[in-house]
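In this note's numbering, the protein residues as written are 1355 to 1619. We put the CB at the ideal spot given by N, CA and C, even for glycine. Because the structure is a prediction, the values reported are computed rather than measured.
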């Protein structure tokens, strides 16, 4: 008796042992890392009382402190807007140079990507610390730090978006005799515009949050005010500042969604 073709199911490959090995290796590395950095879980329970007092203040923002935060809040928004505006202008041409889809020159492509990798590898807080020593404390050092931080992020995100676009329009323009610059401007810029605008608003949101951190080293904005209230353990004031940052981020997220919908129509 012969078996009908297709009546037998192929044997399911056994990959459970690979998963088990991967889980064991990851768990082993995690435990080793915890011992290496001397993680003390018991400290969480030993300081539970202090943590509870802090959380009580964090969940009780002092709204009377809001007028005192307005100058720092306004400076944070101004820093974020200026840094974003400068960054998007610098990042757009660099993104086209960093994409294989829009830059046929291999050496230039490699140099731009290498430099952007270096720029992106430096944390924004370190940039702020360096610029504070160069130009002094204040908003200027914060803006310069945010610009470098933003350019690295934007070039990576936009260049990767360019790599994934349909190149039909670009190829048609090149076939008709257009230069790479004109072909990219006519075919690729309109295609990447929604992503570019969305990433711009995302970077603006990042700047709002990052400025509260870089201000801790004297780079202006809400960060300097956060450092002041944190020094005196005024967590009910700190909670008010966190709430303001949260509202700003939510508003920017709504703006990003609205702008993206308008561009995709």
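- Taking the Cα of residue 1480 as reference, the smallest distance to any Cα among 1502, 1463 and 1387 is reached at 1502.
- Within the same chain, Cβ atoms closer than 7 Å to the Cβ of residue 1442 are found at 1508 and 1554, the five residues on either side in sequence being excluded.
- At the C-beta level, residue 1504 and residue 1469 stay beyond 8 Å of one another.
- A direct Cα-Cα distance of roughly 16 Å separates residue 1568 from residue 1475.
- Across the structure, residue 1536 and residue 1435 are spaced so that their CA atoms are roughly 30 Å apart.
- Annotated as distal: residue 1408 and residue 1591, with beta-carbon spacing of 8 Å or more.
- Pairing residue 1548 with residue 1574, the inter-Cα distance amounts to about 32 Å.
- In the three-state reduction of the DSSP assignment, residue 1419 falls in the helix class.
- Between the segment 1484 to 1497 and the segment 1570 to 1586, the count of C-beta pairs closer than 8 Å reaches three or more; the two stretches touch.
- A residue is called buried once 16 or more other Cβ atoms fall within 10 Å of its Cβ, and residue 1410, having fewer, is exposed.
- For the pair residue 1438 and residue 1538, the CB atoms are not nearer than the 8 Å cut-off.
- Every alpha helix (DSSP H) stretch that sits fully inside the segment 1365 to 1394 and reaches 4 residues is listed by chain position as 1370 to 1390.
- Taking 8 Å as the upper bound for CB-CB distance, residue 1458 and residue 1534 are in contact here, some 6 Å apart.
- Taking 8 Å as the cut-off, the beta carbon of residue 1546 is found closer than this to the beta carbon of residue 1516.
- Under the rule that a run must span 4 or more residues, the alpha helix (DSSP H) segments found entirely inside the segment 1455 to 1499 read 1460 to 1475 and 1478 to 1489.
- When DSSP states are grouped into helix, strand and coil, residue 1588 belongs to the coil group.
- Here the C-alpha atom of residue 1488 lies approximately 36 Å from the C-alpha atom of residue 1392.
- Counting only runs that start and end inside the segment 1496 to 1538, the alpha helix (DSSP H) elements of at least 4 residues fall at 1522 to 1529 and 1534 to 1537.
- The C-alpha of residue 1610 lies about 43 Å from the C-alpha of residue 1396.
- The C-beta distance from residue 1523 to residue 1541 rounds to 3 Å, short enough to fall under 8 Å.
- A Cβ-Cβ distance of about 4 Å is found for the pair residue 1512 and residue 1449, placing them in contact under the 8 Å criterion.
- 8 Å or more divides the Cβ of residue 1453 from the Cβ of residue 1500.
- Cβ-Cβ distances below 7 Å link residue 1598 to 1423 and 1427 in the same chain, with the five nearest sequence neighbours on each side left out; the list follows chain order.
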